[in-house]
Amino acid sequence: MTDWKNLTAPDAARIEAMARDAVAALPHEFAGHAQGIAIRVAEFAPEEVLDELQIDDPFDLTGIYDGVPLTEKSVSDQPGQPDIIWLYRRPLLDEWAARGNVSLGELVGHVVTHEMAHHFGWSDDDIASIDRWWE
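So for the sequence shown, this note's numbering puts the first residue at 35; every next one is plus one.
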């Protein structure tokens, strides 16, 4: 029997580790391009992000890409803030519990993949092939 009293939800560091594992497990043709993207974990998206996306419930946003898409970058651009994939811990845990049919690592990997798509301009076929990687 499981002793539920001593179990705790994964913290931000554990979610970030899952995301880094997901990046490390990407197929070779994508893995190198993904290394330059920072990964950050917060409990929820900030209000200004939710407002900008017109999202009323903070549990509806599990992650977001913050940066300039690769297709819009130029070699003459001045270095700025790094490209970041933000993961939101509480919405991720909530979706994981509600779905009940995937591991938390699979869900984190799925969200990371879709947020990378915003950076790299991946096609729907690329995203689908990586999604199959997690199945």
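Where is the CB? At the ideal position from N, CA and C, for every residue including glycine.
Since residue i and residue j are thought to touch, with beta carbons under 8 angstroms apart, how far apart are those beta carbons, to the nearest angstrom?
i           : j          : result
residue 138 : residue 96 : With a Cβ gap of about 11 angstroms, residue 138 and residue 96 do not count as contacting.
According to DSSP, residue i sits in a beta bridge with which residue or residues?
i          : result
residue 72 : 118
Give the secondary structure of residue i by DSSP, where H, G and I count as helix, E and B as strand, and everything else as coil.
i           : result
residue 55  : helix
residue 160 : helix
residue 98  : strand
residue 138 : helix
residue 44  : coil
residue 125 : helix
residue 92  : helix
residue 79  : coil
residue 155 : coil
residue 37  : coil
residue 60  : coil
residue 27  : For residue 27 there is no data in the structure shown, the boundaries of the chain being 35 and 169.
Given that a residue counts as buried once 16 or more other Cβ atoms are within 10 Å of its Cβ, and exposed if not, what is residue i?
i           : result
residue 143 : buried
residue 98  : buried
residue 130 : buried
residue 141 : buried
residue 244 : Look at the range of the chain in this structure, 35 to 169, and you will see that residue 244 is not part of it.
residue 60  : buried
residue 156 : buried
residue 79  : buried
Alpha carbon to alpha carbon, what distance is there between residue j and residue i?
i           : j           : result
residue 122 : residue 91  : 13 angstroms
residue 100 : residue 119 : 6 angstroms
residue 148 : residue 43  : 24 angstroms
residue 55  : residue 72  : 13 angstroms
residue 160 : residue 49  : 24 angstroms
residue 124 : residue 62  : 31 angstroms
residue 171 : residue 116 : The question about residue 171 has no answer, for the chain in this structure spans 35 to 169.
residue 74  : residue 135 : 25 angstroms
residue 67  : residue 154 : 8 angstroms
residue 163 : residue 81  : 33 angstroms
residue 64  : residue 102 : 18 angstroms
Counting only C-beta atoms, is residue i closer than 7 angstroms to chain C at any point?
i          : result
residue 59 : As a matter of chain content, chain C is missing from the structure shown, which is built from one protein chain.
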